[in-house]
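Undergrad: Provided herewith is a single structure, encoded as structure tokens, for subsequent inquiry.
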Amino acid sequence: MMKPLAIALLACGLHAAEPAAAFFDTHCIDCHDADTHKGNLDLTALKQNLSDAENFAKWVKIHDLIESGEMPPKKKVRPPAADVSAVTGWLNEALIKAERIDAAGRTGVRRLTRSEYENTVRDLFDLPGIALQAGLPADGSAHGFDNNSDALDISHVNLARYIEAADKTLDMAIATRPTAPASEIVRLSLARNYEPDIMLMQGDAMLLRDKKIDPAFPPAGEYSHVNQGAHEQLGIFDRMSSVGVFRHEDESWNAYFRHFAALYPGRYRVRASFYSFQWDQGKILPSRGTEAARLSVVQFNDNGRGGQHPSYVLGYYDAPSLESKVHNLDVWLNFKETLGFNVASLAPVVLYRVGTWGQKDRTMGYTGPCIANDWVEIEGPLNDVWPPRSHTLLFGDLPLTEFKGSRPPARKPLKQEVVGTKNKPEPEKGIWTVEPAEPLAAADRLLAHFLPKAFRRPVGDDVRQQYVAQVDVRLKAGDCFETAMRWVYRAALCSPDFLYHIEPANKLDDQALASRLSYFLWNSAPDAELQQHPRDFKKQVERLLKDPKSQRFIDDFLGQWLKLRSIGANDPDKKLYPEFSPYLQDSMVAETRAYFRELIEQNLDAGSLVQSDFAMLNEKLAVHYGISGVSGPKIRRVALPKDCARGGFLTQAAVLKVTANGTTTSPVVRGAFVMARLLGKPPEPPPPNVPAVEPDVQGATTIRELLDKHRADATCASCHAKIDPPGFAMESFDVIGGFRDRYRSLNEKGDPAPRGSIDPKIAISFKLGPKVDASGQFADERKFGGIADFKSMLAADKHQLLRNLAQQLVIYATGRDVAFSDRAALNDIVARTEKQGGGIRTLLHEIVLSPLFQTR
Amino acid sequence: MKPLLLLFSLIALHLHADESKHRLIGLSEPSREQDLREQVKTMPEVDVAAFNFDTAEVTLRYDPAKLMPGYNPKKPPGPEAITRRLEDLLRAASNGTFTLAPLSALPADKLQKIEIQCGLLDCKGCRFGAYITIAKLDGVERATINESALLTAWIDPAKTNREALEAALKKGRVELKTP
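These protein sequence lines are chains R and E, in that order. By my numbering, the letter at position 758 of the first sequence is numbered 766, and the numbering carries on one by one without gaps. By my numbering, the letter at position 30 of the second sequence is numbered 133, and the numbering carries on one by one without gaps.
So, in structure tokens, the structure goes:
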């Protein structure tokens with residue numbers, strides 16, 4: 009009599025069902041029949057309809073478990089290799105045959121993500137700092153990435169925002185004056201800002217001249233300075249003295265350079281001079297090393313009063329001991345933006361509250377490090393050509409002339425809205441615009457130039473004529489030429505041709521290929537060189553990677569693959585992790601990005617993903633990791649000591665932080681991260697109605713003890729046997745990526761905690777709780793003693809690491825998931841890469857060469 | 104060439120000059136005389152004809168035709184308008200640290216001298232801050248402060264007293280040394 013499974017398989021009409029059924033009956037059915045259905049799988053009830061997505065996924069899982077040798081389990085009789093090969097071969101064939109492939113290609117129609125949109129506009133208009141992302145709705149995410157066609161829907165909200173973004177772009181792009189605004193050099197002193205004044209008066213900052221106390225303004229001591237207005241009237245803060253600052257910016261004050269707020273968006277040259285010293289109750293001594301000063305770009309809201317305006321970090325800069333260092337930066341400033349300063353590498357202290365740090369007399373009673381800002385100089389706006397390239401893109405070489413018509417282009421008069429700034433707009437003399445003699449002919453010529461650039465491919469005459477017709481409509485309605493053109497430019501920027509990746513069915517044509525390449529490695533539109541020679545793959549990949557724009561790929565890819573975008577999702581508990589600071593967090597992200605860049609540059613193999621003999625560190629991270637000999641904020645390659653636990657992504661603080669909450673770590677979360685992100689084996693989601701394992705925040709019970717109880721439940725055990733081990737190994741690292749052999753605890757019964765590398769100015773209140781046990785056992789029973797063993801074992805399986813990275817990159821590069829039937833092509837990429845040494849740069853080349861990349 | 108021009112303009116100023124004498128608020132300490140002279144130099148229409156720190160009095164010399172915008176010699180401006188103009192110019196040049204006031208109506212021997220010892224005021228700005236807090240009070244005819252933070256005021260006893268001065272200082276967060 010034929011067994012039930014065989015009947016079922018035959019019922020679905022699949023060839024070779026008989027031997028497969030025999031395999032299942034011999035090796036599987038005992039545990040996976042209607043009575044036992046281990047792992048909630050009843051093969052006798054499993055429908056054979058592979059066109060059903062759920063069934064299809066289940067059969068893929070069965071295929072993978074048999075192929076990997078995980079099933080049948082080790083304690084059972086092993087099937088002969090030939091049988092395994094036969095059954096997986098049969099399943100493979102059946103699954104590929106059944107997989108529904110869209111005739112046009114697997115990648116669905118997808119729009120640009122927010123970052124792709126912003127970068128595309130930046131590159132198209134040569135407006136490299138225009139800020140558009142924040143105004144667009146957040147993108148969804150599918151298969152780990154936001155550029156996936158499954159996630160990129162569009163709504164009326166998107167469209168409304170695209171119109172706003174297009175208007176903002178055109179406002180910035182169109183020149184409204186015959187000559188460029190004059191470039192000015194403004195030298196700014198931190199002293200001349202009302203919040204630093206308060207700092208200076210109260211004692212959290214001091215004035216310096218020539219590396220000595222400014223005699224006109226002795227540091228606050230027993231008495232703070234009185235009557236700020238009197239000091240301002242006498243010009244004491246106007247003497248361009250250097251300002252030494254002890255205190256971090258916080259909710260109550262921000263060190264903004266308030267005497268400047270950009271009026272003309274554009275390129276500016278910034279020079280900033282910093283040094284550091286050790287302050288000892290009135291004496292200026294050499295500092296402990298090179299300190300880090302932070303500069304940020306601050307976007308003033310409204311009239312700029314108050315603090316806490318939106319900002320982003322420009323960078324961290326050396327402040328050497330008693331030697332001023334001038335840093336030169338090229339930055340883009342938008343309207344109402346200025347710079348902000350912070351003493352990034354100092355521990356947070358507050359001197360005006362006398363006695364807080366044991367000192368009696370504010371500054372004069374304090375001993376500790378200080379960072380001085382001599383000045384900041386802003387030069388700009390810098391325009392090497394006028395009209396700017398953004399204008400020329402839209403209006404070619406049409407001359408700007410004074411408008412004499414009746415309906416001028418609508419413009420918002422420029423004014424300085426920020427209170428207290430010194431720079432003022434230049435007076436506008438008349439209305440200047442472009443007014444060609446033959447507007448429609450000019451419109452046709454301008455659109456013929458603009459549309460192919462914006463749409464990233466040739467544009468037919470019929471399409472262009474539709475836009476020209478709209479210009480005609482607007483001109484007849486009485487609009488001036490600029491307004492009429494603006495109308496159609498806005499339409500073009502909101503059209504599917506601009507907003508969507510347009511790819512032909514099946515094999516990509518040259519334009520689609522150029523776009524795919526540039527959105528992969530630049531997160532933006534292709535340049536002319538790429539559009540002309542998209543099939544010169546090797547040369548183009550090298551060129552794209554060499555270009556600074558490739559940093560966008562690294563940031564965007566790592567932001568999602570390793571979840572770096574979530575780095576600020578939670579703030580570590582201040583009592584448990586008092587040494588945490590924004591500078592440390594920014595350094596963490598910089599390390600991971602620099603590390604990935606180094607893997608590409610050096611073409612290192614996939615083993616380096618988890619193990620290496622170097623790290624990319626600055627002083628902040630090096631101290632955090634217990635590594636000596638690194639000075640200053642610059643990230644650089646550092647050789648690791650022999651038995652150092654660091655090296656590879658798993659032990660990088662950024663990865664350790666994004667896989668923890670602000671208080672505790674969970675081996676489950678970290679284990680799942682490793683499986684999904686590094687091994688390409690995402691665990692099954694937890695079954696419904698099973699409560700999560702909540703760590704004991706008091707630190708009395710270890711997470712391992714709690715998980716041991718959890719795994720006593722057989723339904724939980726099988727999955728946790730796979731998920732937990734990587735997480736156990738990573739238990740050697742706390743929520744901010746610090747190494748630990750004991751858990752930190754707020755339980756008063758804990759042991760006193762040694763200070764270690766924590767800054768002496770930072771108060772410690774946490775205790776030491778139970779010991780960390782970072783040992784574990786893989787599901788296949790291999791054991792590891794801790795993180796070093798674990799990493800070595802992972803690194804040994806370079807193939808799996810490379811295959812997963814290949815898969816992640818393919819998903820990212822193509823905007824779709826890797827289907828079952830794509831596996832052969834994916835395996836081919838991996839095999840070809842391995843043949844050439846397995847380097848990650850090689851992998852990028854092979855991905856671009858593969859049919860997965862070159863087909864829609 | 105420039106010094107020569109300056110000389111000519113000074114001569115010209117003296118030839119057509121009028122003078123106006125005022126009590127000066129802002130002379131917190133002797134070094135402020137130098138501040139005053141430098142700031143007046145930035146006022147091309149005016150120069151200092153006489154100065155007395157001990158009485159806090161200054162005499163300003165000016166050419167009314169240059170001082171007063173729209174000057175009409177047939178209808179010359181009155182002393183109040185001149186004082187108002189001088190006051191505006193001086194305030195702008197000194198960033199408000201000097202202001203003019205009418206000469207004291209009381210003879211010096213009728214003024215009461217009050218000394219108040221403040222806490223450490225080791226910078227000019229702080230001393231000026233403490234000084235200005237009381238110098239502008241009604242009834243304070245003159246005040247000074249020295250580097251030891253000893254504040255001295257000459258007051259009209261009919262209008263104010265020590266307690267009022269101390270209260271004003273405390274309100275301005277100036278710490279007072281109690282004996």
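Ideal Cβ positions, reconstructed from N, Cα and C, are used throughout, including at glycine.
Could you pull out every unbroken beta strand (DSSP E) segment of at least 3 residues lying fully inside the region 189-257 of chain E, listed in chain order?
TA: 202-204, 215-220, 243-248
Undergrad: Using a Cβ distance threshold of 8 Å, determine whether the region 257-265 of chain R contacts the region 241-260 of chain E, with at least three qualifying pairs required.
TA: no
Undergrad: For my contact list, TYR264 of chain R and THR346 of chain R are in at a C-beta cut-off of 8 Å; report their separation, rounded to the angstrom.
TA: 6 Å
Undergrad: Determine, using beta-carbon pairs with one atom in the region 839-847 of chain R and one in the region 610-617 of chain R, whether at least three such pairs fall under 8 Å.
TA: yes
Undergrad: What residue range is occupied by the uninterrupted beta strand (DSSP E) comprising ALA590 of chain R?
TA: Per the sequence shown, the amino acid found at residue 590 of chain R is Pro instead of Ala. Taken as a continuous stretch (DSSP letters only), PRO590 of chain R belongs to no beta strand (DSSP E), being part of the alpha helix (DSSP H) at 590-609.
Undergrad: Just the C-alpha distance for CYS39 of chain R and LEU51 of chain R, rounded to the nearest angstrom, thanks.
TA: 9 Å
Undergrad: With the cut-off set at 8 Å, would you say ILE711 of chain R and GLY679 of chain R are in Cβ contact?
TA: no
Undergrad: For HIS233 of chain R, return the contacting residues in chain E, with the cut-off set at a CB-CB distance below 7 Å.
TA: CYS226, GLY228, CYS229
Undergrad: Give the DSSP-derived three-state secondary structure of ASN578 of chain R in the structure shown.
TA: In the structure shown, ASN578 of chain R falls within a coil segment according to DSSP collapsed to helix, strand and coil.
Undergrad: Just checking: is the beta-carbon of ARG276 of chain E within a distance shorter than 8 Å of some beta-carbon in chain R?
TA: Yes, ARG276 of chain E counts as interfacial toward chain R.
Undergrad: With DSSP collapsed to three states, give me the class of THR346 of chain R.
TA: strand
Undergrad: Out of R:SER532, R:TRP98, R:SER249, which one is the CA nearest neighbour of PRO556 of chain R?
TA: R:SER532
Undergrad: Using the Cα positions of ARG185 of chain R and ARG188 of chain E, report the straight-line distance between them to the nearest angstrom.
TA: Straight-line Cα distance between these residues: approximately 40 Å.
Undergrad: Between the region 204-224 of chain R and the region 198-215 of chain E, do at least 3 Cβ pairs fall closer than 8 Å?
TA: Counting Cβ pairs under 8 Å, fewer than three are found: no touch.
Undergrad: How about the region 231-240 of chain E and the region 116-136 of chain E: do they share at least three Cβ pairs that are nearer than 8 Å?
TA: yes
Undergrad: In terms of DSSP beta bridges, what is SER284 of chain R paired with?
TA: DSSP output for SER284 of chain R lists R:SER329, R:ILE379 as bridge partner(s).
Undergrad: Any C-beta of chain R sitting closer than 8 Å to the C-beta of ILE217 of chain E?
TA: no
Undergrad: Return the residue from the list R:LEU408, R:GLU739, R:ALA485, R:PRO395 that minimises the CA-CA distance to MET180 of chain R.
TA: Nearest C-alpha to MET180 of chain R among R:LEU408, R:GLU739, R:ALA485, R:PRO395: R:PRO395.
Undergrad: Can you confirm whether ILE766 of chain R, when its beta carbon is compared against all beta carbons of chain E, has any partner nearer than 8 Å?
TA: no
Undergrad: Does LEU272 of chain E come out as helix, strand or coil in the three-state DSSP assignment?
TA: In the structure shown, LEU272 of chain E sits in a helix (DSSP, three-state: H, G or I).
Undergrad: Short of 8 Å Cβ to Cβ, which residues in the region 220-231 of chain R face chain E?
TA: Flagged, chain order: ALA224, PHE225, PRO226, GLY229, GLU230, TYR231.
Undergrad: So, helix, strand or coil for SER523 of chain R, using DSSP?
TA: helix
Undergrad: Would you please verify whether the beta carbon of GLY242 of chain E is less than 8 Å from any beta carbon of chain R?
TA: no
Undergrad: Based on the DSSP secondary-structure assignment, which residues constitute the bridge partners of SER76 of chain R?
TA: By DSSP's assignment, SER76 of chain R forms no beta bridge with any residue.
Undergrad: Assign THR673 of chain R to one of three DSSP states: helix, strand, or coil.
TA: strand
Undergrad: By the 9 Å beta-carbon criterion, what residues does the region 185-202 of chain E contribute toward chain R?
TA: SER197, ASN198, GLY199, THR200
Undergrad: Give the residues of chain E in contact with LEU242 of chain R, contact being defined as C-beta atoms less than 7 Å apart.
TA: Within 7 Å Cβ-Cβ: THR200, LYS227, GLY228, PHE231.
Undergrad: Could you check which residue in R:ASN235, R:GLY229, R:PHE225 has the C-alpha nearest to that of ILE244 of chain R?
TA: R:PHE225
Undergrad: Is there a C-beta anywhere in chain R that falls below 8 Å from the one on ILE94 of chain E?
TA: Residue 94 of chain E is absent from the model: chain E starts at 104 and stops at 282.
Undergrad: In chain E, which residues lie with their C-beta within 7 Å of the C-beta of ALA238 of chain R?
TA: GLY228, PHE231, GLY232, ILE235
Undergrad: Rank R:ALA804, R:GLY777, R:VAL780 by C-alpha distance to the C-alpha of ARG790 of chain R and give the top, closest one.
TA: In this structure, R:ALA804 is the residue among R:ALA804, R:GLY777, R:VAL780 with its C-alpha nearest to the C-alpha of ARG790 of chain R.
Undergrad: So the candidates are R:LEU402, R:LYS628, R:HIS728; which of them puts its Cα closest to the Cα of SER674 of chain R?
TA: The candidate whose alpha carbon is nearest that of SER674 of chain R is R:HIS728.
Undergrad: Just the Cα atoms here: how many angstroms apart are VAL277 of chain E and TRP287 of chain R?
TA: Near 27 Å, if we compare the C-alpha coordinates of TRP287 of chain R and VAL277 of chain E.
Undergrad: For the region 759-806 of chain R, list the alpha helix (DSSP H) runs that are entirely contained and at least 4 residues long, ordered along the chain.
TA: 795-804
Undergrad: Using only the alpha-carbon positions, how far apart do GLU587 of chain R and GLY777 of chain R sit?
TA: 18 Å
Undergrad: Any idea which residues DSSP pairs ASP258 of chain R with across the strands?
TA: R:TRP261
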